[in-house]
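To start, the structure under review is shown below, and the notes come after it.
Numbering (my numbering), first residue to last: 1 to 650.
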């Protein structure tokens, strides 16, 4: 045996290992579309950026004043609050009004979507009227809804440093001005003067009929424990998360059930607060996003809570009128699936969530945003795809406490984009295949703080709740500040391409909220984006795909409703059979996501031009709480339907 042969034999195990590593890499490497394929896929989309008008005269800030214990991480504390909602606020039949929370002024702004003509009204900021306020609170989000059931669109504003406020539209109001709304407490008890009530730190809200009595209820999710987070005169009374992966010391969550209301020029809305509606192991999670939707076919909406610093929770709704009951459901563990890839038991940093049918099986899937930054914190987003055989199988499994979804984010190329926030699943080209829009980015500055953040992520949990142990993240520091908006579309191979760069959406500015709706009635969904510490932007959809669509405005058939947009039937479920025989599902959404809220319209892309009537199946609860369903034949385009005991064209 020669020396060379002997050397080769001694090195053989290492050579084989290297070959196996290389082969595994080649096999496991995710597919990637060519630039030409991305250009072809992008040809069905076109978004024109337009400036959103904002009122002037307000003092602007570039970072928040915070509790002294948080002063060294004031940029971190200042990383949320930019929010946007798109809806029909003035009753003209179009989702062409925006409710924007501007972190630079701490104002909630009402403004029209941009168009080529004279603005329909001047943008203005909501005021609190006679309600008590102070200078150590800030709005975090805005949810449109009809909270006193008079057919006019009201606004729910949730805040840090205060309990939420309802802005109820007055009966005699004409047009849109600040005088259109009557500010009303959601939580009774506060009186005039300076606010000194409970210091909630709310970061999420969604509206749905949780107990099935025919009236919309409100979920409020609190992030920090109740306390003076934004009070720079205080140096106590605050804390951070007690763990990076299982923190249950956040602010309590609540559900408010509707009990009564009046209309007129001094409208009222009364809600009963339920302190224990959310199970204790979910109520004090650090919630950043929520989504309510009926996923098992009983028209009782389930609730997904996206939690920072710990397990997200999917709550199966088992309520009855007047009695709220939710139960945990979790994915089934196996040796091949990591714990954090299971519904309800993950340890990632949930920041956004939406429901949509991504695999075309007629069952809802879920897309969840986490932190996915290479050389930072690389978790993964979740594309939880349904695995149940049908809705009956899904319902049975949920009843057993099992969540039949599997994360397929990696093979679908949806796992990594950056520090994710809001997400919307929507069909922007009417192809019949939904796209996914996702906000990303954290704190923009000049000094890279990812290394310190990585150290924090590996720190002992016993240290985390005390802010003193947190690394400096203040003015000028950067954590993912140049990450770019993501826009995913499914390609011919069945996985998703991020077309943001091709479509001109990849501006290196942190984004937060995504609102969608058809502002001009052309059947194409437009998009409004809120950006943290930057101007918001409106993207008018100018796509030329030529595919047909069905649009439904579904409102309650309440006799007293004579003006306004109508009271939306939140939670109504719609199944449309396209001309090719494919079934597409959608619903009236009451406010899913982080800080962006889509309009109350149902929009379904048909994937082709429709020449004949479409088969449409609608399920809803009427005002008595009774479950109704009806099959209709509708032409493509927009329809206004009133839903009572039956559905009828408005």
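Where a beta carbon is used, it is the ideal one built from N, C-alpha and C, also for glycine.
Only a predicted model underlies this, so the values are computations on that prediction, with no experimental measurement involved.
Inter-residue spacing [alpha-carbon to alpha-carbon] between residue i and residue j
{"i": "residue 649", "j": "residue 606", "result": "21 Å"}
{"i": "residue 19", "j": "residue 495", "result": "Here residue 19 scores only 47 on pLDDT, less than 50, and its place in the model should not be relied on; the value that follows carries that caveat. In a straight line, the C-alpha of residue 19 is about 28 Å away from that of residue 495."}
{"i": "residue 332", "j": "residue 342", "result": "7 Å"}
{"i": "residue 631", "j": "residue 645", "result": "13 Å"}
{"i": "residue 235", "j": "residue 245", "result": "27 Å"}
{"i": "residue 47", "j": "residue 498", "result": "15 Å"}
{"i": "residue 476", "j": "residue 447", "result": "6 Å"}
{"i": "residue 305", "j": "residue 370", "result": "13 Å"}
{"i": "residue 250", "j": "residue 621", "result": "34 Å"}
{"i": "residue 38", "j": "residue 391", "result": "35 Å"}
{"i": "residue 418", "j": "residue 282", "result": "26 Å"}
{"i": "residue 159", "j": "residue 556", "result": "29 Å"}
{"i": "residue 128", "j": "residue 185", "result": "10 Å"}
{"i": "residue 582", "j": "residue 298", "result": "23 Å"}
{"i": "residue 226", "j": "residue 547", "result": "49 Å"}
{"i": "residue 439", "j": "residue 352", "result": "9 Å"}
{"i": "residue 111", "j": "residue 98", "result": "5 Å"}
{"i": "residue 543", "j": "residue 638", "result": "18 Å"}
{"i": "residue 26", "j": "residue 579", "result": "The pLDDT assigned to residue 26 is 38, lower than 50, so where the model puts this residue is not dependable; a value taken from the coordinates is nonetheless given after this. Their Cα atoms are separated by approximately 41 Å."}
{"i": "residue 480", "j": "residue 643", "result": "46 Å"}
{"i": "residue 259", "j": "residue 572", "result": "21 Å"}
Proximal residues to residue i (C-beta, below 7 Å), its chain only, five neighbours per side dropped
{"i": "residue 463", "result": "469"}
{"i": "residue 50", "result": "114, 538, 540"}
{"i": "residue 647", "result": "618, 630, 632, 641"}
{"i": "residue 93", "result": "none"}
Contacting residues, own chain, Cβ-Cβ under 6 Å from residue i (five flanking each side not counted)
{"i": "residue 380", "result": "372, 409, 415"}
{"i": "residue 28", "result": "Reliability of the predicted coordinates at residue 28 is poor, the pLDDT of 44 falling under 50, and the value obtained from them is presented with this limitation in mind. Here the set comprises nothing."}
{"i": "residue 278", "result": "253"}
{"i": "residue 295", "result": "302, 364"}
{"i": "residue 135", "result": "none"}
{"i": "residue 424", "result": "354, 437, 514, 516"}
{"i": "residue 509", "result": "531, 534"}
{"i": "residue 232", "result": "65"}
{"i": "residue 521", "result": "94"}
{"i": "residue 24", "result": "Unreliable placement is indicated for residue 24, whose pLDDT of 39 sits below 50; the coordinate value is still reported in the next sentence. Taken in chain order, the list of residues that qualify is empty."}
{"i": "residue 264", "result": "171"}
beta-carbon residue i near the ligand GDP non-hydrogen atom, thresh 7 Å
{"i": "residue 448", "result": "As far as ligands go, the structure on display features none, and thus does not contain the ligand GDP."}
Start-to-end residues for the beta strand (DSSP E) that takes in residue i
{"i": "residue 308", "result": "302–308"}
{"i": "residue 628", "result": "627–634"}
{"i": "residue 75", "result": "Run containing residue 75: none in the beta strand (DSSP E); it sits in the alpha helix (DSSP H), 74–77."}
{"i": "residue 640", "result": "637–643"}
{"i": "residue 553", "result": "549–556"}
{"i": "residue 258", "result": "254–262"}
{"i": "residue 651", "result": "For residue 651 there is no data in the structure shown, the boundaries of the chain being 1 and 650."}
{"i": "residue 159", "result": "154–160"}
{"i": "residue 367", "result": "365–369"}
{"i": "residue 527", "result": "526–531"}
{"i": "residue 405", "result": "405–407"}
{"i": "residue 617", "result": "614–621"}
Where the alpha helix (DSSP H) through residue i begins and ends
{"i": "residue 501", "result": "500–503"}
{"i": "residue 281", "result": "280–283"}
{"i": "residue 395", "result": "391–399"}
{"i": "residue 453", "result": "450–457"}
{"i": "residue 37", "result": "35–42"}
{"i": "residue 315", "result": "It is not in any alpha helix (DSSP H) - residue 315 instead sits in the beta strand (DSSP E) that spans 313–317."}
{"i": "residue 464", "result": "461–464"}
Of the listed residues the options, nearest to residue i (C-alpha basis)
{"i": "residue 273", "options": "163, 543, 601", "result": "163"}
{"i": "residue 308", "options": "175, 535, 242, 501", "result": "242"}
{"i": "residue 290", "options": "311, 219, 68", "result": "219"}
{"i": "residue 602", "options": "544, 563, 524", "result": "524"}
{"i": "residue 248", "options": "433, 259, 222, 260", "result": "222"}
{"i": "residue 312", "options": "403, 87, 52", "result": "403"}
{"i": "residue 293", "options": "157, 314, 285", "result": "314"}
{"i": "residue 427", "options": "489, 421, 467, 86", "result": "489"}
{"i": "residue 89", "options": "169, 133, 149, 64", "result": "169"}
{"i": "residue 148", "options": "478, 171, 131, 140", "result": "171"}
{"i": "residue 401", "options": "429, 445, 329, 407", "result": "329"}
Beta-carbon proximity list for residue i, same chain, < 8 Å, skipping 5 on both sides
{"i": "residue 324", "result": "210, 211, 255, 257, 274, 277"}
{"i": "residue 17", "result": "The pLDDT assigned to residue 17 is 49, lower than 50, so where the model puts this residue is not dependable; a value taken from the coordinates is nonetheless given after this. Same-chain partners within the cutoff: there are none."}
{"i": "residue 318", "result": "300, 325, 326, 327"}
TODO: Specify whether the stretch 593–600 and the stretch 259–272 touch according to this definition: at least 3 beta carbon pairs, one from each stretch, less than 8 Å apart.
DONE: no
Open item on the list: With three or more C-beta pairs closer than 8 Å as the rule, is the stretch 525–540 touching the stretch 78–90?
Closed with: yes
Open item on the list: Tell me whether the stretch 191–210 and the stretch 170–177 touch, counting them as touching only if at least three CB pairs, one residue from each stretch, are closer than 8 Å.
Closed with: no
Open item on the list: Three Cβ pairs or more, each shorter than 8 Å: is that satisfied between the stretch 562–569 and the stretch 387–405?
Closed with: no
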